[in-house]
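Which chain is which? The protein sequence lines are S and A, in order. Under this note's numbering, the letters of the first sequence match residues 109 to 324, in that order. Under this note's numbering, the letters of the second sequence match residues 109 to 324, in that order. Backbone N, C-alpha and C fix where the C-beta goes; we use that ideal spot for every residue, glycine too. Small disclaimer: the values here were computed from a predicted structure and weren't measured.
There are 2 protein chains.
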Amino acid sequence: MDAMDNCTDSKDRILDKAEALFAEKGFHAVTVREITQAAHCNLAAVNYHFGNKQNLYLEVFRTRWMPRARRVQACFKDVLSTQDERSLAGIVHALAEAFLKGPLTDDERLCHSQLMIREMAKPGLATDMLVDEVIKPFFGDLVVLLGPYLPENGERERVMLDIVSIFAMVIYFNFARVPVTRVTGQEYDEVFKERLVEHIVRFCLKGLDMDKKEGA
Amino acid sequence: MDAMDNCTDSKDRILDKAEALFAEKGFHAVTVREITQAAHCNLAAVNYHFGNKQNLYLEVFRTRWMPRARRVQACFKDVLSTQDERSLAGIVHALAEAFLKGPLTDDERLCHSQLMIREMAKPGLATDMLVDEVIKPFFGDLVVLLGPYLPENGERERVMLDIVSIFAMVIYFNFARVPVTRVTGQEYDEVFKERLVEHIVRFCLKGLDMDKKEGA
DNA sequence: GTCTATAGCAGGATAGAC
DNA sequence: GTCTATCCTGCTATAGAC
Numbered sequence: 109m110d111a112m113d114n115c116t117d118s119k120d121r122i123l124d125k126a127e128a129l130f131a132e133k134g135f136h137a138v139t140v141r142e143i144t145q146a147a148h149c150n151l152a153a154v155n156y157h158f159g160n161k162q163n164l165y166l167e168v169f170r171t172r173w174m175p176r177a178r179r180v181q182a183c184f185k186d187v188l189s190t191q192d193e194r195s196l197a198g199i200v201h202a203l204a205e206a207f208l209k210g211p212l213t214d215d216e217r218l219c220h221s222q223l224m225i226r227e228m229a230k231p232g233l234a235t236d237m238l239v240d241e242v243i244k245p246f247f248g249d250l251v252v253l254l255g256p257y258l259p260e261n262g263e264r265e266r267v268m269l270d271i272v273s274i275f276a277m278v279i280y281f282n283f284a285r286v287p288v289t290r291v292t293g294q295e296y297d298e299v300f301k302e303r304l305v306e307h308i309v310r311f312c313l314k315g316l317d318m319d320k321k322e323g324a
Numbered sequence: 109m110d111a112m113d114n115c116t117d118s119k120d121r122i123l124d125k126a127e128a129l130f131a132e133k134g135f136h137a138v139t140v141r142e143i144t145q146a147a148h149c150n151l152a153a154v155n156y157h158f159g160n161k162q163n164l165y166l167e168v169f170r171t172r173w174m175p176r177a178r179r180v181q182a183c184f185k186d187v188l189s190t191q192d193e194r195s196l197a198g199i200v201h202a203l204a205e206a207f208l209k210g211p212l213t214d215d216e217r218l219c220h221s222q223l224m225i226r227e228m229a230k231p232g233l234a235t236d237m238l239v240d241e242v243i244k245p246f247f248g249d250l251v252v253l254l255g256p257y258l259p260e261n262g263e264r265e266r267v268m269l270d271i272v273s274i275f276a277m278v279i280y281f282n283f284a285r286v287p288v289t290r291v292t293g294q295e296y297d298e299v300f301k302e303r304l305v306e307h308i309v310r311f312c313l314k315g316l317d318m319d320k321k322e323g324a
């Protein structure tokens, strides 16, 4: 398809297409034939370069998913460092922005969260790598970062749940595009995504925040 | 396994096991052989009763998923009707409670949300049925119910996003048990689930709500 | 490093006895 | 309704020419 296809070697093309297909359909629903056809190379290339299908899947995470996760985290820290004053609102906004708009293209972002969700749904081949090398360290950073805003020092669990909740929002709105679009009637264009970031920041900071009009 | 297995007919046993397996692994990762073995019946039974694997999958949604979704919604309305005064907090609490504790057993709830998430991740065989017959009508009800609390009548989209956000929390905490457990160190026992309900209600109503200690 | 050909096997589906 | 036996397709993986 792409004019560049012949410039990059088949190993890279396979990794690219494999990632997209694994994200879209899941490991079992994708066949090696499908991948090699999409990558415009021979069926045997997967076994030659990666040994077998499982290892190709793992390589997708090693060479594609992990670096991208690091890019997003770097973006988050970049945004933070440019803020002259540190505030809770600033941190949440940086988080939502890095994950929902950040350095990734739309396709990358969708692909990225789909791969993660699939792996998180049920412990899979790449779960350990993902949890130990990316999720846990990043959560550790966030706990430290949000420490000053803790109600008490003892309530570590509450902070954990709050952080997870922010991710819940970001990941859900990325992943559940189909029902969101069907229910709201909104396509995921730039305008809507900007509104989503605003919504997520507001919701995470203030919740529904409709108390003014209590009493039906 | 169960002592009751021989009492219910094979059609029901197949539906039960198929649902659990489809939820756990996804459509493609499950084989008909696996299902029939788990259901202690013959391989040919699936084709005899359901024609083919795809139709079995659809029947799982028709005869298992949909009735359960209705039970949860009924529970939500029940709780609402017992509240003497209607309030935003009451509605959110009823929602979180119905979905996170409600009428379902733990296994049912996990199974239920896994099936839905898989279907929502990418439009699948049952997506239309699910969206048109369950999600859209229920969202319609919620929009009406939350209408009195709208900031303005024009802001329908904001209410939609708020409702979706509540579901995002509920579904994520149900679905992403693995990372939640790994990060928080908490198993999903009764105590933790009760805390989760409290957390979700609080978070949805008030967000992070840490403004008191602004300024690091 | 790329390709063809094929081994070897697992899965879905069916025919037909009981 | 249940079972056995079997067909056939489509998959992963490999061997070996180029």
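Nearest neighbour of residue i, chosen from the options [CA to CA]
i	options	result
Leu238 of chain S	S:Ile143, S:Phe158, S:Val168 and S:Leu313	S:Val168
Arg121 of chain S	S:Ser221, S:Leu254 and S:Gln145	S:Gln145
Ala204 of chain S	S:Lys244, S:Thr289 and S:Ala276	S:Ala276
Ala197 of chain A	A:Leu313, A:Thr190 and A:Glu132	A:Leu313
Asp214 of chain S	S:Thr116, S:Ala229, S:Glu302 and S:His307	S:Glu302
Ala229 of chain A	S:Gly293, S:Arg226 and S:Pro231	S:Arg226
Asn150 of chain A	A:Asp117, A:Glu193 and A:Lys244	A:Asp117
Lys244 of chain S	A:Glu193, A:Asn163, A:Thr292 and A:Lys185	A:Thr292
Pro256 of chain S	S:Ser195, S:Glu265, S:Glu298 and S:Asp240	S:Ser195
Test item: CB-CB of residue i and residue j under 7 Å
i	j	result
His148 of chain A	Lys119 of chain A	no
Val267 of chain S	Leu254 of chain S	yes
Val138 of chain S	Val154 of chain S	no
Asp270 of chain S	Leu316 of chain A	yes
Cys183 of chain A	Ala206 of chain A	yes
Phe246 of chain A	Ser273 of chain S	no
Thr190 of chain A	Leu123 of chain A	no
Trp173 of chain A	Leu223 of chain A	yes
Phe304 of chain A	Phe281 of chain A	Checking the sequence, you will find Leu at residue 304 of chain A rather than Phe. Contact flag set, yes.
Partner residues on chain S for residue i, Cβ-Cβ distance less than 9 Å
i	result
Val286 of chain A	Glu227, Met228, Ala229, Lys230, Pro231, Thr235 and Val239
Leu164 of chain A	Per Cβ cutoff of 9 Å: no residues; Leu164 of chain A is ~17 Å from chain S at best.
Gln332 of chain A	Absent from the structure is residue 332 of chain A, since the part of chain A shown begins at 109 and ends at 324.
Met174 of chain A	Neighbours of Met174 of chain A on chain S: none; closest Cβ ~16 Å, over 9 Å.
Same chain, Cβ closer than 8 Å to residue i, five either side skipped, listed in chain order
i	result
Tyr165 of chain S	Ala126, Phe130, Phe135, Leu233 and Ala234
Glu295 of chain A	Thr289
Glu306 of chain A	none
Pro175 of chain S	none
Val252 of chain A	none
Cutoff 6 Å; reference residue i; Cβ partners in own chain excluding five residues on either side
i	result
Gly248 of chain S	none
Val309 of chain S	Val200, His201 and Ala204
Glu132 of chain A	none
Phe300 of chain S	Gln294
Glu322 of chain S	Reliability of the predicted coordinates at Glu322 of chain S is poor, the pLDDT of 49 falling under 50, and no value is obtained from them.
Ala111 of chain A	For Ala111 of chain A, the predicted structure reports a pLDDT of 45, less than 50, and the residue's modelled location is therefore unreliable. A value from the coordinates is still provided. Counting only Cβ-Cβ distances below 6 Å, and skipping sequence neighbours, we find nothing.
Leu188 of chain A	Ala202
Glu265 of chain A	none
Neighbour list for residue i in chain A, Cβ cutoff strictly below 7 Å
i	result
Cys312 of chain S	Gly315 and Leu316
Glu132 of chain S	Lys230
Ala137 of chain S	His136
Leu283 of chain S	Reading off the sequence shown, one finds Phe at residue 283 of chain S, where the question assumed Leu. What Phe283 of chain S touches in chain A: Ala229.
Amino acids of chain S, ordered along the chain, whose beta-carbon sits closer than 8 Å to that of residue i
i	result
Val187 of chain A	Within 8 Å Cβ-Cβ: nothing; Val187 of chain A doesn't reach chain S, min ~16 Å.
Lys244 of chain A	Arg290 and Val291
Val200 of chain A	Leu316
Neighbourhood of residue i by C-beta distance below 7 Å, restricted to the same chain and skipping five residues each side
i	result
Ile143 of chain S	Ile122, Lys125, Ala126, Leu129 and Val154
Met109 of chain A	Any answer about Met109 of chain A is weak, because its pLDDT of 46 lies below 50 and its placement is not dependable; what the coordinates show is given next. Excluding residues within five positions, none has a Cβ falling inside 7 Å.
Glu279 of chain A	First, the amino acid is wrong: residue 279 of chain A is Ile here, not Glu. These residues qualify, in order along the chain: Ser221 and Ile225.
Gln162 of chain S	Leu233
Interface residues of chain A facing residue i [CB-CB closer than 9 Å]
i	result
Met277 of chain S	Ser273, Ala276, Met277 and Tyr280
7 Å Cβ cut-off: residues of chain S touching residue i
i	result
Glu265 of chain A	Thr292
His307 of chain A	Leu269
Phe247 of chain A	Val291
Original post:
Are the segment 207-224 of chain S and the segment 172-190 of chain S touching, with three or more C-beta to C-beta distances below 8 Å?
Top reply: Contact between the segment 207-224 of chain S and the segment 172-190 of chain S is present: 3 or more CB-CB pairs across the two stretches fall below 8 Å.
Original post:
Counting pairs of beta carbons, one from the segment 213-221 of chain S and one from the segment 272-292 of chain S, are three or more of them closer than 8 Å?
Top reply: In the pairwise beta carbon analysis, the segment 213-221 of chain S is classified as touching the segment 272-292 of chain S: at least three pairs are separated by under 8 Å.
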